[in-house]
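Participant:
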Amino acid sequence: MAELETVILDRAGIGRALTRIAHEILERNKGTSGLALVGIRTGGDWLAEQLRTRIAEIEGEEIPLGEVDITMYRDDLGTRGSLPVGKTQIPFPLDERRIILVDDVLFTGRTIRAAMDALIDLGRPRNIQLAVLIDRGHRELPIRPDYVGRNVPTSREEKIAVEFDDQRQAIEVRLIKP
Amino acid sequence: MNILIKNGRVIDPAQGIDEVLDLLIQDGKIAKVGKGLQGEGEVIDATGKLVTAGLIDIHVHLRDPGQEYKEDIVTGTRAAAAGGFTSVACMPNTNPVNDNKAVTLYILNKAKEEGLVNVFPVGAITKGLKGESLSEMGELRDVGCLAVSDDGKPVASGELMRRAMEYSRPFGLTIIAHSEELSLVGEGVMNDGFVATELGLKGIPWVAEDAAIARDVMLAEYTGARLHVAHVSTKGAVEIVRQAKKRGVQVTCEATPHHFTLTDEAVRGYNTNAKMNPPLRSADDLAAVRAGLADGTIDSIATDHAPHHIDEKNVEFNIALNGVVGLETALPLTLRLVEEKVLPLADAIARLTVGPARALGIPRGTLEAGAPADVTVIDPELAWTVEPQKLQSKSKNTPFAGWPMKGAAVVTIVGGKVVWKK
Amino acid sequence: MTFRHKHILGTEQLSRDDIELILDTADSFKEINAREIKKVPTLRGKTIINLFYEASTRTRTSFEIAGKRLSADTVNITASSSSVVKGETLEDTAKNIEAMKPDIIVMRHAASGAPHYLAERLDCSVINAGDGAHEHPSQALLDLLTIREKKGRLEGLTVAIVGDITHSRVARSNLYAMKKMGMTVRLVGPGTMMPPGIERLGAEVYTDMREALRDADVVMMLRIQLERQGKTMLPTLREYARFYGLNLENLKLAKPDAIVLHPGPMNRGVEISSYVADGAQSVILDQVENGVAIRMALLYLVAGGESKEA
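Protein chains in written order, with my numbering: chain A, 63 to 240; chain B, 7 to 428; chain C, 1070 to 1379.
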């Protein structure tokens, strides 16, 4: 069956969305004090890096950056099998931080649940906020993003693909219809 | 009761016969072999079949008395008949051990009353197979033992083996030697070599067999006793017997179908049905055993039919008991040797008939007029597959499960009576 | 890349890709062992039975900790406390344990092939924690993880394995795994302890320890057990130490940055001198630490089965 692909965000569009999210984060948190970014591997970690650059451009200050791998916290070992386990690297204490958790696509919310469990195992953040590039709906858990690049209404069967170049820069978001 | 077997290819190596002939049985004896014979009674059409003297297995374990859960004289002789064997020699490692008249008579009586084929009990060399003192071989001979053996165990003491040979000789008993040097066997559970190294199993080196056979052959040479070496499995053992025969030593020997068919590769996967003693050896040894069969160094094919209950095999490899059943697969595996051009058909039949008959000193294994009418009719083309559950033996421990076979006994006649028909 | 093995019976069954996946997975799990809360919920609800027919505090504890850190329920059954002593067959013991529905059985047994026996008869996964003189895959994998960490690579390294090769499951598992990773494996030990045909598995067999050590990147010493290996194998431990013991002097024959491994428990002063065991080149305690991570990786990969990622 032929798949139908539509580009819903290009490089420029992604850039504008990330810049806006960076501003919103700073505005909501009144600056960078106590802020840290944690990206969910893989995709979210690279977006978090881009967000950090933008925040540094605006505020002139690099905030701490970490990455979390949620494989160990998944709830679908039985149905999806043993996926490769990546590394969690958070080179700063989480305690009392405001954590901006970053992911590329927000879907059921289960990944975010797993990521929050992972973070809480590592310390006690002051709060956790969620930034996503795409929110495609279909939540299965009471989870809501604080910062959204774009809301994309989708059907369950459709897929969203976020493409990165080899500099780990997001360059394109595509909607794939089955 | 007469039986006329018509138009079969009669092969009798003892008389040098190999042609399409008829065979007439009268009053339990071979009456005549010839062309266009007539007779009253049952007629068996053997067109396309082989007609041979009844096969003889000089080495089986009937497990009776004492281990009837593995096999008994009824099921063991039925397995023999199904495999084309009309005579079997059963080893004394029963419980109680066949080291006395009572056990020998029990075996003979039960075989006579309930068995399907002739049973020749082998008495023990030493009391209780303990390797300490000689059994009453004279009396054993008197009640019907033709040979003595401590099979399953070697006679460890050289001195005792010497005395056994010296003592048995005047009684005309054959000594069947299970030769292995136990201190070299140690805790070994399979052939010592690359496969054992890979599987992490302790090995039994070939020298454990060769050294012991060399001793026993030399003792036979020294004492003049008649020696039959059981289950030779190594290149060296074949060579030792070959040289001894050249020197005129009274020695015969046997090889088993598993040793001329399988190598220690069969143990892979920790297959306990490939565990036996002596163990399956290397490809070199297998080739030497085949060469020994071909040149007559090895004069008998014997099964070492060793039934074991599934519970004794369905365990870790190192504690599984040694041995495999063989009565029902020996004939097709021997015919396979012929097909692989290891030896001619007549020689193959000789290894199953006149060879063991001479080793035991019995007037069988031939279709000579006047001989007991033990006859096997073989369909050499009959194709079948080994299904352990369908074996007549009580035990199913065969390493050949699932193997395609060609050839089978279709009629087995013992003393002029048809005991098995396929 | 996906992991297709239901059981881990030996390194012989593993491909180079499998081994790399296991090492990478272990590397990721290692981070947990440094945390304050050393536990993740990965195997929550899974039951792991450690079925140990041979005493082995070290391996059993390592598997137990690995299972617990992944939130699995772990139960230990040892020969002394199980019905083994009552003469129950391995099959009956196994069937009884299986009726309790474990997901994984980790088995140590003195009989080579015992885990294979179990794997053929049970539905759950079986991990071999050492069978007779056959294999000890988790030990070899933790050795490789340790070597890779210290050396930054495996390919092209030369390893000298010294001791009783005949009775060593550690040597066999390492030999299989190291050959697959492109390493050179030298074996050396007394003539009574070198099994026939081992060179056919790709090993270089040496008779002189000094030659085997020359320019080696890794030296792996095996435990010698005179009481177990029989009085006929060696004259004395003193003589063994003289010809096959590792000390500061003969270690100099290896590369200056060579590392020293020992699967433990060590006989100090016999196969390894304390100066070496506690010296700068020793990575013996790293091996123990990596053991937990490797076992976490094995439990995880076996528990989830083949990845069904689209």
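Glycine included, each C-beta is placed from N, C-alpha and C at the ideal position.
(1) Within 8 Å (strictly less), CB to CB, does C:L1211 reach chain A?
(2) Suppose you measure from the CA of A:I70 to the CA of A:T133; what does that come to, to the nearest Å?
(3) In chain order, what residues of the same chain have a beta carbon less than 8 Å from the beta carbon of C:D1192, not counting five sequence neighbours either side?
(4) Can you tell me whether B:A220 is buried or exposed? The criterion is at least 16 other CB atoms within 10 Å of its CB, across all chains shown.
(5) Can you list the residues of chain A that C:G1373 reaches, using a CB-CB cut of under 7 Å?
(6) Among the candidates B:G89, B:H184, B:T203, B:G209, whose CA atom is the shortest distance from the CA of C:A1272?
(7) Name the chain C residues that come within less than 8 Å of A:G148, Cβ to Cβ?
(8) Using only CA atoms, which one of C:A1349, C:N1316, C:M1335, C:Y1344 lies nearest to C:I1328?
(9) Under 8 Å, do C:A1366 and C:F1121 count as touching if we go by C-beta distance?
(10) Between C:T1080 and the rest of its own chain, which residues show a CB-CB distance below 8 Å, the 5 nearest in sequence each way excluded?
(11) Contact criterion: CB-CB distance below 8 Å. Does C:G1156 meet it with respect to chain B?
(12) Could you check if A:P155 is buried or exposed, using at least 16 other CB atoms within 10 Å of its CB as the buried criterion?
(13) Is it buried or exposed for A:T104, if we count other Cβ within 10 angstroms and need 16 for buried?
(14) Assess, as a yes-or-no matter, whether the region 45-53 of chain B is touched by the region 11-26 of chain B under the definition of 3 or more beta carbon pairs within less than 8 Å.
(15) Am I right that B:E84 and B:K76 are in contact with their C-beta atoms under 8 Å? What's the rounded C-beta distance?
(16) Label B:Q436 either buried or exposed according to how many other C-beta atoms from any shown protein chain fall within 10 Å of its C-beta, with 16 as the threshold for buried.
(17) Which partner residues of B:V39 appear in the DSSP bridge assignment?
(18) Per DSSP, what kind of secondary structure is A:S217 in: helix, strand or coil?
(19) Taking 8 Å as the CB-CB cut-off, is C:L1370 touching chain A?
(20) Just to make sure I have the definition right: I need the residues of chain C whose C-beta is within less than 7 Å of the C-beta of A:M134. Which are they?
(21) By the three-class DSSP mapping on this structure, what secondary structure does C:S1152 have?
(22) Report the residue from B:M411, B:P284, B:E345, B:V383 whose alpha carbon sits nearest the alpha carbon of B:P338.
(23) Just to confirm, is the Cβ distance from B:G164 to B:H184 under 8 Å?
(24) Should C:A1188 be flagged as near chain B, meaning a C-beta pair shorter than 8 Å?
(25) Does any residue of chain A have a CB that is nearer than 8 Å to the CB of C:S1152?
(26) Please list the residues of the region 303-325 of chain B that have a C-beta atom closer than 8 Å to any C-beta atom in chain C, keeping them in chain order.
(27) At 9 Å on the CB atoms, spell out the chain A contacts of C:R1364, in chain order.
(28) List the residues that DSSP assigns as beta-bridge partners of C:V1144.
(29) Leaving out the 5 sequence neighbours to the left and right, which residues in its chain are closer than 6 Å to B:P362 when beta-carbon positions are compared?
(30) Of all the CB atoms in chain E, is at least one closer than 8 Å to the CB of C:F1132?
(31) Does chain A have any CB closer than 8 Å to the CB of C:I1091?
(32) Between which residues of its own chain and B:A88 is the CB-CB distance below 6 Å, once the five residues before and five after are set aside?
(33) Is there a Cβ from chain A that is less than 8 Å from the Cβ of C:R1104?
(34) For B:D216 and A:L139, I'd like the C-alpha separation in whole angstroms.
(35) Between the region 1106-1117 of chain C and the region 158-167 of chain A, are three or more C-beta pairs nearer than 8 Å?
Facilitator: Walking through what the data contain:
(1) no
(2) 28 Å
(3) E1167
(4) buried
(5) L139, G143, S144
(6) B:T203
(7) S1097
(8) Residue C:A1349 is the option with its Cα nearest to C:I1328.
(9) Not a contact, by the Cβ cut-off of 8 Å.
(10) I1088, E1204, P1206, A1209, L1210, S1242, N1243, Y1245, A1246, K1249
(11) no
(12) exposed
(13) exposed
(14) Between the region 11-26 of chain B and the region 45-53 of chain B, the count of Cβ pairs shorter than 8 Å is three or higher; the stretches touch.
(15) In the sequence as presented, Glu is not what sits at residue 84 of chain B; that position holds Arg. Incorrect: roughly 14 Å between the Cβ atoms, too far for contact.
(16) There is simply no residue 436 of chain B to check, as chain B begins at 7 and stops at 428 in what is shown.
(17) Its beta-bridge partners are B:L29.
(18) coil
(19) yes
(20) Those are V1109, T1111, listed as they occur along chain C.
(21) Reliability of the predicted coordinates at C:S1152 is poor, the pLDDT of 48 falling under 50, and the value obtained from them is presented with this limitation in mind. The DSSP-derived three-state label of C:S1152 is helix.
(22) B:M411
(23) no
(24) Not closer than 8 Å to any Cβ of chain B, the Cβ of C:A1188 fails to qualify, so no.
(25) Note on C:S1152: pLDDT 48, under 50, position unreliable in the model; the coordinate value appears next. It does not: the Cβ of C:S1152 has no partner Cβ on chain A nearer than 8 Å.
(26) D317, N320, V321, E322, F323, N324, I325
(27) The contacting residues do not exist; C:R1364 stays about 14 Å from chain A at best.
(28) C:I1118
(29) I62, I64, S306
(30) The displayed structure is made up of protein chains A, B and C, and chain E is not among them.
(31) no
(32) E334, Q398, W426
(33) C:R1104 counts as touching chain A.
(34) 58 Å
(35) no
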